[in-house]
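Structure, as structure tokens:
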Amino acid sequence: MKVLVTGGAGYIGSHVVLELLDQGFDVSVLDDLSMGARENVDERAEFFLGSILNPEDNAKALEGVDAVIHMAAFKAAGESVENPEKYEKNNVGGTLTLLGSMLDHGIHRFVFSSSAAVYGDPQYLPVDEKHPVVPINPYGQTKLDIEGKLENSYSDRGIRFASLRYFNAAGYDILGRVRIPEAAPNNLLPIVMEAANGTRASLDVFGNDYETRDGTGVRDYIHVTDLAKAHILAVERLEKSSSFTINLGSEKGYSVQEVLDTARTVTGMPILANITGRRPGDPPKLVASSQKAKELLGWSTKHSDLESLISSMWEIYKPAEATF
Ligand code: UDP
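Just so you know, we're using our numbering here: the sequence shown kicks off at 36 and counts up by one.
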């Protein structure tokens with residue numbers, strides 16, 4: 036079976052490509068390299084440089100494909116507030132162009148990278164799939180818009196979809212095969228790694244006065260390889276069953292302070308941190324219920340404890356000359 040991964044040179048995409056290849060799938064990758072790194076695409080995959088916004092690029096990459104895992108999207112919530120048009124054009128417009136190309140080629144299986152950002156501020160915890168969807172930034176809105184279109188119009192046109200709502204992806208391939216770290220990251224874990232290896236002098240902790248166990252924000256971090264495995268299970272399930280929407284999280288919450296403490300232990304580096312004000316739009320705590328994914332897919336996490344997450348990242352981020 037052949038799977039096209041759009042955005043397969045990106046952080047999560049390159050891990051999904053590895054997992055597919057390791058499990059014996061044929062893989063094509065379509066990526067415009069605006070964010071991803073060509074070096075992170077395993078050489079067993081066929082690589083197409085191009086954009087989902089271009090039907091001709093889609094047509095080339097869709098040749099002989101049975102299912103699509105669609106990960107080509109912009110994902111910086113803050114940037115989406117500054118530049119909503121960029122998010123609307125690529126995340127919504129690009130996805131609709133890709134879906135049109137799939138229908139032209141008679142391809143009907145679609146795994147969609149959605150996000151916990153569709154929920155907005157959590158009204159209860161853990162957040163399950165029945166939680167109201169009220170995004171608080173354009174990024175989350177683009178994900179919800181596509182989920183709605185899949186549900187309402189593309190289902191009628193024969194598309195079977197899996198919407199995967201990611202919580203906080205972190206970690207790197209345990210075998211160290213994804214070598215190039217994300218450029219200019221926005222998320223806590225890579226920023227902590229950059230503060231550990233000297234790429235940046237320190238990091239800002241966005242608030243220590245939340246009603247959490249140590250006052251800092253709590254999130255559900257999920258190892259990218261655990262996340263990747265769920266995509267393979269989702270593609271397989273779509274072969275024989277109807278569409279579904281699931282959360283993908285570890286169901287464990289770690290605070291920024293706990294992340295910092297563990298990172299200092301794992302790396303042996305001091306990691307300077309300054310407490311600053313809260314970041315607008317940040318909920319105090321966000322933790323998933325992933326029961327539905329476990330029941331539907333038989334999925335479980337293996338690498339999502341904080342120490343495994345951080346040590347797999349440090350393998351990539353640690354300075355070459357360091358001896359550990
Ligand atoms: N955070 C922080 N400093 C940073 C980046 C993030 O203190 O430089 C905090 C943020 O407030 C949140 C957690 O780390 O509590 C995870 O943030 P991230 O941006 O990685 O993911 P989010 O859950 O916001 O999508």
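For every residue, glycine included, the Cβ atom is placed at its ideal position computed from N, Cα and C.
Problem - For Lys165, the residue or residues it bridges with in DSSP - result: Its beta-bridge partners do not exist; DSSP assigns none.
Problem - Residue from Val240, Glu271, Arg214 and Gly141 with nearest C-alpha to Leu224 - result: With distances taken between Cα atoms, Leu224 lies closest to Val240.
Problem - Residue ranges of each beta strand (DSSP E) within the segment 135-210, 3 or longer - result: 144-150, 195-201 and 203-205
Problem - heavy atom of the ligand UDP below 7 Å from Val76 C-beta - result: No, the Cβ of Val76 stays beyond 7 Å of every heavy atom of the ligand UDP.
Handout entry: Exposure of Pro161, with buried meaning 16 or more beta-carbon neighbours within 10 Å
Key = buried
Exercise for the section: Determine which residues share a DSSP beta bridge with Ile257 and list them. Expected result: Ala204
Practice task
Compute every distance between the C-beta of Leu238 and the non-hydrogen atoms of the ligand MG, then say whether any falls below 7 Å.
Solution key: Although the ligand MG was asked about, the structure shown includes only the ligand UDP as ligands.
Exercise for the section: Compute the distance between the beta-carbons of Glu54 and Thr260, then report whether it is under 8 Å. Expected result: yes
Problem - DSSP state of Glu81 mapped onto helix, strand, coil - result: strand
Handout entry: Tyr174 versus Val116 - alpha carbon distance
Key = 8 Å
Practice task
Would you identify the three-state DSSP class for Thr280, choosing helix, strand or coil?
Solution key: Three-state result, Thr280: strand.
Exercise for the section: With a threshold of 7 Å, establish whether the CB of Asn252 neighbours any heavy atom of the ligand UDP. Expected result: Correcting the residue identity first, residue 252 is Gly in this sequence and not Asn. Yes, Cβ of Gly252 sits closer than 7 Å to a heavy atom of the ligand UDP.
Exercise for the section: Return yes when the C-beta of Arg299 is under 7 Å from any heavy atom of the ligand UDP, and no when it is not. Expected result: no
Practice task
Compute the minimum distance between the beta carbon of Leu273 and the heavy atoms of the ligand UDP, and state whether it is under 7 Å.
Solution key: no
Practice task
Can you tell me which of the three DSSP states Lys287 falls into?
Solution key: coil
Problem - Coil, strand or helix - Lys37 by DSSP - result: Assignment of Lys37 by DSSP, reduced to helix, strand and coil, places it in the strand class.
Exercise for the section: Would you mind giving the Cβ-Cβ distance between Val38 and Asp139, rounded to the nearest angstrom? I have them listed as a contact below 8 Å. Expected result: Wrong, their Cβ atoms sit about 18 Å apart, outside the cutoff.
Exercise for the section: Please confirm if the segment 174-189 is in contact with the segment 147-154, defined as three or more CB-CB distances below 8 Å between the two stretches. Expected result: yes
Handout entry: Local Cβ density within 10 Å of Gly284, reported as buried at 16 or more and exposed below that
Key = Buried.
Exercise for the section: Check whether the Cβ atoms of Leu307 and Ser237 lie closer than 8 Å to each other. Expected result: yes
Practice task
Buried or exposed for Asn221, please, with buried defined as at least 16 other CB atoms from any protein chain shown within 10 angstroms of its CB.
Solution key: exposed
Practice task
Please determine, among Ile351, Pro119 and Pro170, the residue with the shortest C-alpha to C-alpha distance to Glu229.
Solution key: Ile351
Handout entry: Top-ranked residue by Cα proximity to Tyr46, from Ser69, Ser277 and Asp57
Key = Comparing Cα positions, the closest option is Ser69.
Exercise for the section: Measure the C-alpha to C-alpha separation of Glu120 and Ala263 and round it to an integer number of angstroms. Expected result: 29 Å
Practice task
Count the other CB atoms, across all protein chains shown, that sit within 10 Å of the CB of Asp249; report buried if there are 16 or more and exposed otherwise.
Solution key: exposed
Problem - Secondary structure of Lys320, DSSP reduced to three states - result: strand
Problem - N-terminal and C-terminal residue of the alpha helix (DSSP H) that Ser115 is part of - result: Ala112 to Glu117
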